[in-house]
Structure formats: structure tokens, C-alpha cells
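These notes are about the structure you will find just below.
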Amino acid sequence: PVSVYPNKDVASVQVAKRIAALIRSKQETGEPAVLGLATGATPVGVYEELVRLHREEGLSFRNVVTFNLDEYFPMPPTAPQSYVTFMNENLFDHIDIQRENIHIPDGTLAVEDVAAFCLNYEQQIEEYGGLDLQVLGIGRTGHVGFNEPGSAPNSGTRLVTLDDLTRRDASRDFGGKENVPTKAITMGIGTIFKAREIILMAWSGKKASIIKKAVEGDVSGEVPATYLQLADNVEFVLDEDAAAELT
Ligand code: F6R
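Note that the working numbering has the sequence shown beginning at 11, numbered continuously upward.
In C-alpha cells form, the structure reads like this:
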């Protein structure tokens, strides 16, 4: 289903409410809430609202386990552009999550160690009983995570090459496209599909044409987000501008 909100602030509060409800319901059963998280501009408002719920409404993250979708490769965690830095600044430094419950792909590995790391990442998700909820943005290539065009529907966590458009879109953060890493470690389409719930968010007219393809286009590896049409537990959460081209 597709939900369209008047603007990203209203939409972000709704998504944060759903996450908070999941966390609270798991607290009652004593189980962990296992969240798949995204970085980038899109989820910032959701994280802001989660921080507010923690500070002002007593929402605790003690029982929350997180797995981030992706990280540039190579990437030191302390770099300003790393997704570790992003998650700390936007969420983790402001809530009571236990540090050992945070998982983000490791951008410092030797290339020969990446495959074993990726298998272990999948296994850790399984050991927690799978992802309860995966939050996604969408890139202008149609990527989810960093599953660029050509990704297979059953792909797992792996090292990938970033699309040229993705590197161009990241160039401002890195002071030029030439400084953007050419690779990343990302959860696969198959990894994302195993989540019990998936929420894909998109804001602004810049995402309108890729959202039209993702929601209404033929399912194809050329636009990896179209695979989500095949999931029965997915919701596209949009603002009016991102939804503008939907029929
Ligand atoms: C980030 C990620 C990417 C972004 C996408 C949109 O962890 O996996 O797929 O969600 O590139 O980025 P923004 O939100 O910056 O437009």
C-alpha cells in the first residue's frame, strides 16, 4: 500500500510512532525489537522524532537491536561521511540503546575478509529472529540499501559497486564525486525481503519519477525497488511531492 502525507514532517512522525509501538509491544514480551535502519536525508525526521519520544515520553531503546543497511567501502567509522558517524549523530548518541546491540557494516575490513563478514551479518540477523521492521529510503537509480540496478532479488549482504548517479548524488558530502568511494557493503534485496515489515519512505519532487517506476513500473532488476511490489508487508510512505506522478 501507498500512504501519502501532506509533508515529510507529518509522515516522519507517523513512521516514528509505528517504530515506537513496535518497541513497546516487544518490551511487554521481553523480546528484543530488531530494526533495520537506513541513513541519508530521508530518515532524519524519523530519528528526530524517536529522540524526542525518548527524551519527552520515556521511550526506552534498551531492548532494541539495530542492523544498518549499508556502509561505504572503504570507510573509517570516524570519518564525517561514515554511516557510523551519521547514526551516532542522528540517533544513537541521543538514546539509551546498548552499544553492543548496534550493527553497521564494517568499512575498515580487508577485502579478503568481506565475504565472511557479510555471511556473519546475515547470521546475526537470523540469531535475533530476523528483522521486525526494515526502514528504507530510495536512491534515484531505484536502489534500496545500495542494491543498484542489476541486483538479484535473492541477493544477500555483499560488497557492491556504486552506480555513477549514486556517487554524483553523494558528491556534496565528499567535496566532489572523485572522493566518493566506488564501493559499499549492503544488505541484499533478499535480506530486506525477510523483514516482517518494510517501510520505504520518499520525500520531494526529486524522487517523484523513481517512485512512479518503483510503485507502478514493471518488476525488474533495472529498478531494484520494484522488487518490493512482490512483498506483501511493504508500505510506501510518501509526501505529496514524491507521490505527484502516481496515477
Ligand atoms: C542509506 C541507503 C540509501 C538511501 C538512498 C536515499 O542507508 O541505503 O538507499 O536510502 O540513497 O538517500 P537520501 O535519503 O539521502 O535521499
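Cβ atoms here follow ideal geometry from the backbone N, Cα and C, with glycine treated the same way.
* Endpoints, the beta strand (DSSP E) within which Asp258 is located -> Here the chain has residues from 11 to 257 only, and residue 258 is not among them.
* **Reduced DSSP category for Glu232 - H, G, I as helix; E, B as strand; rest coil** => coil
* Sequence-distant residues of the same chain with beta carbon closer than 7 Å to Gly160, five excluded per side -> If we look at Gly160 and ignore the five residues flanking it on each side, its Cβ neighbours are Gly231.
* Specify whether the segment 64-78 and the segment 98-106 touch according to this definition: at least 3 beta carbon pairs, one from each stretch, less than 8 Å apart. => yes
* **Sub-9 Å separation of Met197 and Gly149 beta-carbons** => no
* Option in Ala254, Lys193, Met97, His113 with minimal Cα separation from Val121 -> Lys193
* Considering only residues of the same chain and omitting the five flanking positions on each side of Leu69, which have a CB-CB separation below 6 Å? -> Ala30, Leu63
* To do: Please determine, among Leu143, Ser214, Glu188, Lys223, the residue with the shortest C-alpha to C-alpha distance to Ala48.
  => Leu143
* Closer than 9 Å to chain B by CB, Thr49 -> In summary, chain B is missing from the structure at hand, where a single protein chain is found.
* Heavy atom of the ligand F6R within 8 Å of Ala48 beta-carbon -> yes
* Asked: Ordered along the chain, which non-local residues of its own chain (more than five positions away) have a Cβ less than 7 Å from that of Asp183?
  -> Gln91
* If we ignore side chains and look at the alpha-carbon of each, how far apart do Gly200 and Val247 end up? -> Gly200 and Val247 have their C-alpha atoms spaced approximately 21 Å apart.
* **Buried versus exposed call for Asn78 [16 or more other C-beta atoms within 10 Å across all chains shown]** => buried
* For the alpha helix (DSSP H) containing Met1, list its first residue and its last residue. => Residue 1 is absent from the model: the chain starts at 11 and stops at 257.
* To do: Would you tell me roughly how many angstroms separate the C-alpha atoms of Leu119 and Ile208, rounded to the nearest one?
  => 29 Å
* To do: Report all residues from its chain with a CB closer than 7 Å to the CB of Gly139; omit the five preceding and five following residues, and keep chain order.
  => Correct list, in chain order: Val44.
* **Environment of Thr7 [buried if 16+ CB atoms lie within 10 Å]** => Outside the shown range of the chain (11 to 257) lies residue 7, about which nothing can therefore be said.
* Report back the beta-carbon spacing between Ile202 and Ala253 to the nearest angstrom; my notes put them in contact at under 8 Å. => Contact doesn't hold; Cβ gap of about 22 Å is too wide.
* Boundaries (first-last residue) of the beta strand (DSSP E) holding Asn78 -> According to the DSSP assignment, Asn78 belongs to the beta strand (DSSP E) that extends over 74-78.
* First and last residue of the uninterrupted beta strand (DSSP E) at Leu172 -> Element bounds for Leu172: n/a, residue is neither H nor E.
* Pull up the CB-CB distance for Asp249 and Ala26, whole angstroms please, since I reckon it's below 8 Å. => About 15 Å; that fails the 8 Å criterion.
* Kindly identify the DSSP beta-bridge partner or partners of Tyr131. => BP columns for Tyr131 are empty, so no partner.
* **Pairwise C-alpha distance: Ser181 and Glu158** => Between the alpha carbons of Glu158 and Ser181 lies a gap of roughly 17 Å.
* To do: Out of Val124, Ala125, Leu129, Tyr93, point me to the one whose CA is closest to Ile112's CA.
  => Tyr93
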